[in-house]
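Chains as they are written, first to last, in full-length UniProt numbering: chain A, 1 to 429; chain B, 1 to 429.
Cβ coordinates follow ideal geometry from the N, Cα and C atoms, glycine included.
All figures in this text were calculated on a predicted structure; none of them were measured in a lab.
Beneath this line is the structure, given in structure tokens, with notes to follow.
Protein chains: 2
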Amino acid sequence: MNSPKLNELDAWQAARLIAQRELRAVDLLHACLDRITERDDEVHAFAHLDRAHALVQANALDKGPVRGLLHGLPIGVKDLFDTIDFPTSYGSPVYGAHRPRADAASVALCREAGALVMGKTVTTEFAYFYPGATRNPHDLTRTPGGSSSGSAAAVADSMLPLALGTQTAGSVIRPAAYCGVVGYKPSSGRVPRAGIKSISEALDTPGGFGRCVRDVALLGAVLTGDARLSTSPDESAAPRIGLCRTPEWAYAEADTQRAWDTATAALTHVAPALADVALPDDVPDLVALQKEVMAFEMFRALSVERLHHRDQLSLQLQAQLDSGSVISGGTHAANLVRTERARHRIDTLFDQFDVLLAPSAAGEAPVGVDATGDPLFCRGWTLLGLPCVHLPFTRGSNGLPVGLQLVGRWGDDHRLLSSAQWIYDRLTQ
Amino acid sequence: MNSPKLNELDAWQAARLIAQRELRAVDLLHACLDRITERDDEVHAFAHLDRAHALVQANALDKGPVRGLLHGLPIGVKDLFDTIDFPTSYGSPVYGAHRPRADAASVALCREAGALVMGKTVTTEFAYFYPGATRNPHDLTRTPGGSSSGSAAAVADSMLPLALGTQTAGSVIRPAAYCGVVGYKPSSGRVPRAGIKSISEALDTPGGFGRCVRDVALLGAVLTGDARLSTSPDESAAPRIGLCRTPEWAYAEADTQRAWDTATAALTHVAPALADVALPDDVPDLVALQKEVMAFEMFRALSVERLHHRDQLSLQLQAQLDSGSVISGGTHAANLVRTERARHRIDTLFDQFDVLLAPSAAGEAPVGVDATGDPLFCRGWTLLGLPCVHLPFTRGSNGLPVGLQLVGRWGDDHRLLSSAQWIYDRLTQ
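And the structure:
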């Protein structure tokens, strides 16, 4: 079996065909490699690609028993994750062609499930704001978003069906929004971070990208070890949806406002338990809090880099580390306690709602590739550790993808993904 | 200045003398090295030691400006932390003489504060139960406890004043108790874990050892970035102390029961706000919960090791990983949610108490070096993420050290250490 469109198959479809031996992993891989040949000189999604090594992996998977949920699927791995068989640069010249001693635990889990690591995708410098070479595949003059730039772009451009990313401010949901793919940030603490370059203990969250909800659910099942995530959702009952514009709503551009109106209008007819919800008054300014927590922790997590390699850091990163250096440890301790209180307070909202609908980004991907856009609409949810899924379902005034995110209860990724599937089906019908 | 007892100086005293240029780092180092020469063939606290490299560091520190709170202090670093200038084996043949690309962030922070890394101390295999070579310096037929075996033993035996450790079950408090030193496990999330071998996302907590509360507070100030920890506590007011025997009290041996009676009798006279406190009835069995969370997460964090190096893992570790493999992801998700609820529930206890007094271990260090003792009395507090300090203040029936731990409110390490100082002064007067 071969087809020019194999690279456009959903991951779950490809996985099913491969598991039934109706599709060879090597054919899927060839289609993806062809697409990369065609496009990556312009998109620059990959930091490190090894075609021969990918073929060896694919052939071995075709010959061996079906290993798991991701058997035969080529995946992209953000270059923030350690890999034993690819250089790992963390988006910085400081690490050049560093060869880690072992795979990140999450990469090992994907391989155990049969995934084939096709290459390392571009990350911004240490997953902060200084961009890599990646362009938005929908418009090469625009940013793909960051920091998981290459992973989002590669999935959007059908170079591969699934890719790994991480979010500390808005690094999964924002690039998913800008590139028009589904992004999934699991609940904090559910995916092992071993072997992922750490920039913030409180905030770093591994996640991933696919072209539909079912695909990120497949990846999520492997990353969290929760097989329920990849099972078909209960289609019978409409989820209870809270409409949460968030305190940052004033920054939503016309495209996002239109997406909001489109989605809420469509859902009103089918989901009776739909209601506006505001964050409680006693919850602090989560965006400001997230920024301060991130600055303090980056200063400390990147101690080796700021102490010994400052001349190889971007001015942007240097400024961020400097801003973290002046926050006192007492302030940070108080910030962590305020964060815990806010998490507990917000948790009670989910007694009434299965998911919250919220903006993912201000609007379409901005023009320019010197910056990666603003994670404003993601910072609060990341701080709260809540699971999020970005749903792409419409286009903006320049024809670029626009969508919204769903936010779930902490720890209940199963319900979030079920609800997301239900809602996504209705928004994209 | 030189003295045969320099290696017995408290860290805070040595640091003050060095900062005032009344003591040279190199002289302190020589005293420590002499002690190591004298004792480490029997105690086996060190996995990797480099005398020449330590001398180079000490001389550089003596010549340069005073860098911070730990200037000139030799520290031991558990061989679970990455170091750029020492092999890092994580207590396993899998990693042999692995040379990490960079220091762990916490090690970099200690060096930034002027500490001199003297060597790597013995850890059990990947910080789990299979022991390393270290013996209890008080009785070489007994275990020093684990997993931070070498760090606790080295500090107890005056080989160095401070050492780094980590706790996932009871790996700081238990070896501190068995070796008779002060152990400090900070609140979860306050110390960056970047560059420390990860075995459990929910549980791994970096901490350290010293010979008095003030010393671990000095180290804690550097690790957390909270300068308040190293300031002298307010001596005026007695802390409000909750006496929490814990649900595991039936396992406390006579030596621990006597220590309990001694401490409570002494404190009754000076701390009026002293009251028994039980864990609330709606809090689940924290020990069972901690074990299940740990097994599930170890299975996933150590994926590379179980998939590719199983033949190099101890049977004990293999059994632990196997036990984690059969726990479902759904069970784990529920366990994480139960843990969060318990954390929130226990937090309210600290409206009434500044600290809880609780057992650290069942009794004296057990005879035998094929096991490291039971972390039973630590598992619950680790799961809750609460900051803990072990206070050594008496001896057991075989003359070995015995003490108790203090447990603080999450995030309020400052109050815990102040209270610990106050209580330690009264218990050791």
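_Using a Cβ-Cβ cutoff of 9 Å, what residues of the region 14-43 of chain A are near chain B? List them in chain order._
none
*Does the beta-carbon of B/P93 have 16 or more other beta-carbons within 10 angstroms, so that it is buried, or is it exposed?*
Counting from one through the second sequence, the residue named residue 93 of chain B turns up at place 93. By the neighbour-count rule (16 or more Cβ atoms within 10 Å), B/P93 is not buried but exposed.
*Going along the chain, which residues of its own chain have a beta-carbon closer than 8 Å to the beta-carbon of A/A301, five neighbours each way excluded?*
In the first sequence, counting from the first residue as 1, residue 301 of chain A sits at position 301. Closer than 8 Å at Cβ, skipping near neighbours: S198, I199, S200 and E201.
*In chain A, which residues lie less than 9 Å from B/H332 when you measure between Cβ atoms?*
By one-based count along the second sequence, residue 332 of chain B stands at place 332. Ordered by position in chain A, the residues that pass the 9 Å Cβ test against B/H332 are R190, T224, G225 and D226.
*Name, please, each residue of chain A whose Cβ falls closer than 7 Å to the Cβ of B/L307.*
As a first step, residue 307 of chain B must be located in the second sequence, where it is residue number 307. Those within 7 Å of B/L307 in chain A are A108 and E112.
_Close beta carbons around A/I18, own chain, < 6 Å, minus the five adjacent residues each side_ = Locating residue 18 of chain A in the first sequence gives position 18, counting from the first residue. If we look at A/I18 and ignore the five residues flanking it on each side, its Cβ neighbours are A25, H71 and G72.
*Skipping 5 residues on each side, what residues in its chain have a beta carbon closer than 6 Å to that of A/D354?*
As a first step, residue 354 of chain A is located in the first sequence; it is residue number 354 there, counting from the start. Correct list, in chain order: P239, R240, R415 and S419.
*Spatial neighbours of B/Q312 within its chain, please: CB distance less than 6 Å, with the 5 preceding and 5 following residues excluded, ordered by chain position.*
Sequence index remark: in the second sequence, residue 312 of chain B carries index 312 (1-based). Cβ neighbours of B/Q312 beyond the five flanking positions: P93 and V94.
*asked:* Does chain B have any CB closer than 9 Å to the CB of A/D413?
replied: Residue numbering aside, residue 413 of chain A sits at position 413 when the first sequence is read from its first letter. Taking Cβ atoms only, chain B reaches closer than 9 Å to A/D413, which makes this a yes.
_My assumption, with CB atoms under 8 Å, is that B/C244 sits in contact with B/L160. Please give the rounded CB distance._
Counting from one through the second sequence, the residue named residue 244 of chain B turns up at place 244. Counting from one through the second sequence, the residue named residue 160 of chain B turns up at place 160. Contact flag wrong, Cβ pair sits at about 33 Å.
_Using a 10 Å radius around the Cβ and a threshold of 16 neighbouring Cβ atoms, would you call A/Q20 buried or exposed?_
One-based indexing of the first sequence puts residue 20 of chain A at position 20. So A/Q20 ends up on the exposed side.
_So B/D103 contacts chain A; which residues on that side make the cut at Cβ distance below 7 Å?_
For the purposes of this step, residue 103 of chain B is taken as the residue at position 103 of the second sequence. Going along chain A in sequence order, the residues near B/D103 (Cβ under 7 Å) are V304.
_What does the Cβ neighbour count give for B/R310, buried or exposed, with the cut at 16 atoms within 10 Å?_
Working through the second sequence from its first residue, we reach residue 310 of chain B at position 310. With fewer than 16 Cβ atoms within 10 Å of its Cβ, B/R310 is classed as exposed.
*Is any beta-carbon of chain A found at less than 9 Å from that of B/H344?*
The residue labelled residue 344 of chain B in the question sits at position 344 within the second sequence. With 9 Å as the cut-off, B/H344 counts as an interface residue toward chain A.
*Please list the segments of the alpha helix (DSSP H) lying wholly inside the region 147-212 of chain A, counting only runs of 4 or more residues, in order along the chain.*
149-156 and 173-179
_A/G145 vs A/T372 beta-carbon contact at 9 Å_ = Reading the first sequence from its first residue, position 145 is the one you call residue 145 of chain A. Reading the first sequence from its first residue, position 372 is the one you call residue 372 of chain A. Contact: yes.
*asked:* Could you check whether the Cβ of A/H390 sits closer than 9 Å to any Cβ belonging to chain B?
replied: Counting from one through the first sequence, the residue named residue 390 of chain A turns up at place 390. False, the Cβ-Cβ gap to chain B never drops below 9 Å.
*Counting only the same chain and skipping the five closest in sequence on each side, list residues whose C-beta sits under 6 Å from that of B/G189.*
Here residue 189 of chain B is taken as the residue at index 189 of the second sequence, counted from 1. For B/G189, where only same-chain residues beyond five positions count, there are no Cβ hits under 6 Å.
_Going by DSSP in three states, B/P87 sits in which element: helix, strand or coil?_
On the second sequence, position 87 is the one that residue 87 of chain B refers to. Three-state result, B/P87: coil.
*asked:* Within the continuous beta strand (DSSP E) that includes B/L116, where are the two ends?
replied: Start at 1 with the first residue of the second sequence, and residue 116 of chain B comes out as number 116. Here the beta strand (DSSP E) through B/L116 covers L116 to T121.
_Would you call the region 7-14 of chain B in contact with the region 200-220 of chain A, where contact means no fewer than 3 C-beta pairs closer than 8 Å?_
no
_For B/D412, count the other beta carbons within 10 Å of its own beta carbon; 16 or more makes it buried, fewer makes it exposed. Which is it?_
The residue given as residue 412 of chain B occupies position 412 in the second sequence. Buried, because 16 or more other Cβ atoms sit within 10 Å of the Cβ of B/D412.
_Please give the ranges of any beta strand (DSSP E) in the region 337-404 of chain A, keeping only runs that are unbroken, at least 3 residues long and fully inside the region._
355-359 and 388-395
*Along the region 43-56 of chain A, what residues have a CB closer than 7 Å to any CB found in chain B?*
none
_Does chain B have any CB closer than 9 Å to the CB of A/P401?_
Stepping through the first sequence from its first residue, residue 401 of chain A is reached at position 401. No, no contact with chain B.
*Going by DSSP, what residues sit across from A/P233 in a beta bridge?*
For the purposes of this step, residue 233 of chain A is taken as the residue at position 233 of the first sequence. None; A/P233 has no bridge partner.
_B/F46 beta carbon less than 9 Å from that of B/G76_ = In the second sequence, residue 76 of chain B corresponds to position 76, counting from 1. In the second sequence, residue 46 of chain B corresponds to position 46, counting from 1. Result yes, Cβ atoms of B/G76 and B/F46 sit closer than 9 Å.
_Enclosing beta strand (DSSP E) for B/L48 [first to last residue]_ = As a first step, residue 48 of chain B must be located in the second sequence, where it is residue number 48. In the sequence as presented, Leu is not what sits at residue 48 of chain B; that position holds His. First-last of the beta strand (DSSP E) with B/H48: F46 to L49.
*So is A/K120 buried or exposed if we call it buried at 16+ other beta carbons inside 10 Å?*
Taking the first residue of the first sequence as position 1, residue 120 of chain A is located at position 120. It counts as buried.
_Alpha-carbon to alpha-carbon, A/V182 and A/P74_ = Residue 74 of chain A sits at position 74 when you count from the first residue of the first sequence. Residue 182 of chain A sits at position 182 when you count from the first residue of the first sequence. The alpha-carbon atoms of A/P74 and A/V182 are separated by roughly 17 Å.
*Quick one: what's B/I75 bridged to in DSSP?*
The residue you call residue 75 of chain B lines up with position 75 of the second sequence. According to DSSP, B/I75 bridges with B/V117 and B/L162.
*From the DSSP output, in three-state form, read off A/R142 for me.*
Along the first sequence, read from residue 1 onward, the residue named residue 142 of chain A stands at position 142. The answer is strand: DSSP assigns A/R142 an E or B state.
_Given this structure, state the Cα-to-Cα distance separating B/A60 from A/E297, to the nearest angstrom._
Locating residue 60 of chain B in the second sequence gives position 60, where the first residue counts as 1. Locating residue 297 of chain A in the first sequence gives position 297, where the first residue counts as 1. Each residue's alpha carbon lies about 29 Å from the other.
*Should the region 280-297 of chain B be regarded as contacting the region 252-270 of chain B, the criterion being three or more beta carbon pairs within less than 8 Å?*
no
_As a quick exercise: from B/F86, B/A127 and B/P272, pick the residue whose alpha carbon is nearest that of B/H48._
The count along the second sequence starts at 1 and reaches residue 48 of chain B at position 48. Of the listed residues, the one whose Cα sits closest to B/H48 is B/F86.
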